[in-house]
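Terminal number for the sequence shown in this note's numbering: 83, no gaps in between.
Every residue, glycine too, gets a C-beta built ideally from N, C-alpha and C.
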Amino acid sequence: MFDFKDQVVIVTGSGSKRGIGRGIANMFAEAGAQVIIADMNE
Ligand SMILES: NC(=O)c1ccc[n+]([C@@H]2O[C@H](COP(=O)([O-])OP(=O)(O)OC[C@H]3O[C@@H](n4cnc5c(N)ncnc54)[C@H](O)[C@@H]3O)[C@@H](O)[C@H]2O)c1
C-alpha cells in the first residue's frame with residue numbers, strides 16, 4: 042500500500058451520493074494522509 046504519512050490530500054466532490062469520494066478519502070486516510078474533504082453539497 043502507498044505511504045501518505047506527512048502528506049495532505051484534498052478530495053473534491055467527496056460528498057458524492059455514489060460514495061466514490063468517500064471511498065477515496067478513506068483510502069488516503071488509511072494510507073496515513075491528512076485528508077481535507079470538500080463538496081458543494083454539505
Ligand atoms: N460514477 C462512475 O462510474 C465513475 C467512473 C469513473 C470516473 N468517475 C469520476 O469520478 C468522479 C465522481 O463521480 P461521481 O459519480 O461520484 O459523481 P457525482 O456527480 O455523483 O458527484 C460529484 C460530487 O462533486 C460535487 N461537486 C461538483 N462540483 C463541485 C465543485 N465545484 N466544488 C465542490 N464539489 C463539487 C457534487 O456536489 C457531488 O457531490 C467524477 O469526476 C467522475 O467523472 C465516475
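For this session: Count the other C-beta atoms from every protein chain shown that fall within 10 angstroms of the C-beta of residue 52, then say buried if there are 16 or more, exposed otherwise.
Result: Locating residue 52 in the sequence shown gives position 11, where the first residue counts as 1. Burial call: buried.
For this session: Go through its chain and collect everything with a Cβ distance to residue 49's Cβ below 6 angstroms, but skip five positions before and after it.
Result: Taking the first residue of the sequence shown as 1, we reach residue 49 at position 8. So the qualifying residues of the chain are 75.
For this session: Sort out for me which residues DSSP pairs residue 74 with in a bridge.
Result: Position 33 of the sequence shown, counted from the first residue, corresponds to residue 74. Answer is none; residue 74 lacks a bridge partner.
For this session: Return yes when at least one heavy atom of ligand 1 lies under 7 angstroms from the C-beta of residue 79, else no.
Result: Taking the first residue of the sequence shown as 1, we reach residue 79 at position 38. Yes, the Cβ of residue 79 comes within 7 angstroms of a heavy atom of ligand 1.
Problem set entry | Neighbour-count burial assignment, residue 66, 16 or more Cβ in a 10 Å radius | As a position in the sequence shown, residue 66 is number 25, starting the count at 1. Per the 10 Å Cβ criterion, buried.
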